[in-house]
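Chains as they are written, first to last, in full-length UniProt numbering: chain A, 1 to 377; chain B, 1 to 377.
Backbone N, C-alpha and C fix where the C-beta goes; we use that ideal spot for every residue, glycine too.
Please read all numbers here as calculations on a predicted model, not as lab measurements.
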């Protein structure tokens with residue numbers, strides 16, 4: 001099957017997302033093409049990956065690059081969210097600088113969202129901006145975090161609070177790599193795909209209701225789902241690169257989702273990001289119903305699909321105890337999406353009819369959270 | 001005397017540099033104007049400064065801001081280059097995040113080049129970009145580092161290797177603050193002013209030969225010199241914001257200068273930046289003479305002016321021992337301005353006729369350095 005291309009068209013800059021099975025075998029040629037390197041001997045790449053991806057795929061990729069005379073500096077960090085830290089960032093930067101890579105050289109982020117965010121941020125601040133290529137290896141990274149140029153690390157005060165907008169030269173999404181994901185990781189990425197339907201593409205949601213199960217196998221449906229997702233996100237990013245407006249719609253399910261991730265201390269044994277988003281989307285739909293914006297049957301339909309795909313949808317699906325409603329509210333007001341203390345939520349008026357609701361009063365949210373928590377006590 | 005304004009006109013963004021004596025007294029109004037804040041109670045500013053500036057001027061500025069209902073979070077770091085580090089950056093970021101400042105809030109950098117570079121870089125990466133205002137307190141910062149949006153910190157592998165381009169909302173240059181500088185610091189800033197003449201403004205160099213001494217007193221000549229310097233740099237930055245071409249001319253004297261700063265381990269007792277640039281500019285002129293690009297009388301004229309203003313001009317003016325020529329060459333090739341191992345120097349064909357010389361062979365540089373060192377042994 002041939003690879004498909006989605007072009008991200010920004011104001012002053014364009015780049016391609018190449019999507020398809022087995023792309024790792026052509027990675028070197030794609031990298032050289034995107035870097036526009038004529039002298040084959042001079043291509044130099046800092047290959048950032050994590051321990052998990054390295055054990056599965058690093059040898060194949062590195063052999064590919066070496067065979068095509070790309071000089072590679074491999075940098076392997078611990079797998080997991082804790083690598084999106086100041087200390088790991090400093091280690092990565094030091095390794096790139098000690099290898100004497102220059103502004104025209106490239107950081108290649110080969111991994112999931114953590115690696116893309118970390119590698120992209122390092123690329124953006126080394127020598128005030130190195131070149132950058134993404135090779136996302138998770139479904140979440142292929143359809144979401146690798147598209148749009150957001151990079152960054154976490155702070156003790158919250159996720160992604162330190163970062164930059166730094167667009168890649170290209171994104172190479174090999175859909176075959178997704179077969180080495182755990183089912184749970186795959187499902188978590190799938191939740192973000194459902195989100196794209198719920199934002200403003202009811203036909204895509206309906207298509208997923210019919211075809212969702214096939215996305216889990218490496219075939220044309222998977223590729224199509226990833227292409228449609230990337231195209232959707234690329235379009236939003238093209239219209240609002242720096243999130244001054246519409247791009248905030250991508251936060252559907254994320255205000256509640258981040259709240260739950262923080263409440264569970266980002267413990268992957270309890271909750272991973274896409275699961276938090278799945279539950280967060282259901283909460284956003286229920287909250288919309290409570291505000292008389294939409295009907296409860298919509299929530300039921302969305303929940304039925306997420307459940308059918310094996311995703312958690314309710315607070316009771318989270319193992320372990322949750323904080324009380326007041327404590328959860330504090331987590332929401334600490335979220336960076338709070339502007340001047342007015343709460344912003346992405347709510348919905350129907351299937352695929354999401355909108356940005358500003359100035360949501362915090363007492364209504366608190367009451368809603370109390371009701372939800374009461375049901376699981 | 002009225003304040004003067006230089007406007008930096010970038011591709012998609014403009015901002016003002018306000019220059020004049022006693023501007024600290026109007027700082028609050030200028031800040032609110034630049035931030036376009038209508039609700040006076042909501043202006044929030046992280047005021048970054050260093051121990052030296054804090055002891056001299058912080059009380060006055062903070063009283064000014066408080067009186068005008070600007071909420072201020074003061075952050076005081078150690079004075080000196082060592083604060084341009086990863087660890088100080090992390091402390092600054094943590095303080096800003098713990099004070100819950102948001103994207104629309106502002107980082108106010110009140111100090112010399114170190115504070116501007118550190119504060120600006122923090123502003124650029126917190127929440128992927130906070131607002132930023134510079135209040136430079138040294139001559140070097142007022143005419144050079146605060147203009148053009150370069151921000152960053154140092155790495156063990158070199159100066160300014162980690163950073164970003166982040167333009168301020170405005171720059172407020174109070175020329176009265178310069179009277180609290182040591183004479184040595186003032187002279188060091190003056191060297192960069194001379195550099196602007198030597199790059200491509202022979203009339204400005206001649207003006208400085210006549211008026212230089214008056215720049216050292218707080219009067220209209222000082223303001224005029226700073227205005228002309230800022231205008232010159234603003235024009236170059238406007239034409240080449242990301243240093244893909246002409247902006248590199250600003251590195252006149254800097255390749256040799258950085259070499260000397262590294263060779264003296266950035267020890268301010270031996271050499272400060274502007275002094276290194278003064279000696280570096282003379283070396284660049286002598287090197288140009290050696291390559292038959294210009295006459296030795298030009299170097300003598302430039303050296304005479306720098307000496308008259310109390311600046312060092314020769315290697316023997318640096319206290320302590322210097323490394324040998326081979327070791328100095330290694331320092332040059334480690335400099336970030338080296339692209340793909342071809343040496344780039346800013347050389348000159350006459351007074352104010354500097355140009356970017358690419359592919360300078362390293363053996364010629366080595367021979368030149370050996371000659372220079374032989375004279376001081």
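With respect to residue 114 of chain A, residue 81 of chain A sits close: the two C-beta atoms are nearer than 7 Å.
By the Cβ test, the segment 134 to 143 of chain A is in contact with the segment 103 to 123 of chain A, since at least three Cβ pairs between them sit closer than 8 Å. Excluding its 5 nearest sequence neighbours in each direction, residue 218 of chain A has C-beta neighbours in its own chain below 8 Å: 21, 175, 176, 178 and 179, listed in chain order. Taking the Cα positions, residue 263 of chain B is about 7 Å away from residue 328 of chain B. For the beta strand (DSSP E) assignment, the uninterrupted runs of no fewer than 3 residues enclosed by the segment 66 to 116 of chain B are, from N- to C-terminal side, 71 to 77 and 106 to 111. Proximity of residue 125 of chain A to chain B, defined by a Cβ-Cβ separation below 7 Å, is satisfied. The alpha carbon of residue 316 of chain A has as its nearest neighbour, out of A:271, A:298 and A:344, the alpha carbon of A:271. In the displayed model, residue 134 of chain A falls within a strand according to three-state DSSP. In chain order, 196, 197 and 228 place their CB closer than 7 Å to the CB of residue 204 of chain A, counting only its own chain and leaving out the 5 sequence neighbours on each side.
Residue 192 of chain A is classed as buried because its beta carbon has at least 16 other beta carbons within 10 Å across all chains shown. Residue 105 of chain B is classed as buried because its beta carbon has at least 16 other beta carbons within 10 Å across all chains shown. Within the segment 135 to 159 of chain B, 150, 152, 155, 156, 157 and 158 place their CB atoms closer than 8 Å to a CB of chain A, listed in sequence order. Judged by their CB atoms, residue 120 of chain B and residue 151 of chain B are nearer to each other than the 7 Å cut-off.
Within the same chain, 282 and 313 come within 7 Å of residue 303 of chain B by CB-CB distance, once the 5 residues on both sides are set aside. Any Cβ of chain B closer than 7 Å to the Cβ of residue 86 of chain A would place that residue at the interface, and such an atom is present. In this structure, residue 108 of chain A sits near residue 45 of chain A, with a CB-CB distance shorter than 7 Å. Within its own chain, the residues whose Cβ lies closer than 6 Å to the Cβ of residue 320 of chain B, once the five positions on either side in sequence are excluded, are 270, listed in chain order.
Under a 10 Å Cβ-count criterion, residue 242 of chain A is classified as exposed, with fewer than 16 other Cβ atoms of the shown protein chains found around its own Cβ. Against chain A, the CB of residue 122 of chain B has no partner CB under 7 Å away; the residue lies outside that interface. The continuous stretches of beta strand (DSSP E) do not include residue 293 of chain B, and DSSP gives it neither H nor E. Rounded to the nearest angstrom, the Cβ distance from residue 17 of chain B to residue 171 of chain B is 4 Å, consistent with a contact under 8 Å. Here residue 93 of chain A is buried: its Cβ has 16 or more other Cβ atoms, across all protein chains shown, within 10 Å. In its chain, beyond the 5 residues on either side, 19, 142, 143, 173 and 175 have a beta carbon closer than 7 Å to the beta carbon of residue 226 of chain B.
Taking all protein chains in view, the Cβ of residue 267 of chain B is surrounded by fewer than 16 other Cβ atoms within 10 Å, so the residue is classified as exposed. Rounded to whole angstroms, the Cβ separation of residue 147 of chain A and residue 234 of chain A is 6 Å, and the two are in contact under 8 Å. Contact between residue 356 of chain B and residue 248 of chain B holds, with the beta-carbon distance rounding to 5 Å and staying under 8 Å. Interface with chain A (7 Å Cβ-Cβ cutoff): residue 162 of chain B is included. With its beta carbon less than 7 Å from one in chain A, residue 128 of chain B belongs to the interface. Residue 49 of chain A: member of the beta strand (DSSP E) spanning 44 to 50, first to last residue. Within the segment 163 to 238 of chain A, the complete alpha helix (DSSP H) segments of 4 residues or longer fall at 183 to 200 and 202 to 215, listed in chain order.
Taking a Cβ-Cβ cut-off of 8 Å, residue 362 of chain A has no neighbours in chain B, whose nearest Cβ is about 15 Å from it. Contact annotation: residue 347 of chain A and residue 295 of chain A have beta-carbon atoms that are not nearer than 7 Å. Going by beta carbons, residue 74 of chain A and residue 47 of chain A fall inside the 7 Å limit. Using beta-carbon distances, residue 97 of chain B counts as an interface residue toward chain A, with a partner under 7 Å. Taking a beta-carbon distance threshold of 7 Å, residue 90 of chain B counts as an interface residue toward chain A. Between residue 95 of chain A and residue 6 of chain A, the alpha-carbon positions lie close to 32 Å from each other.
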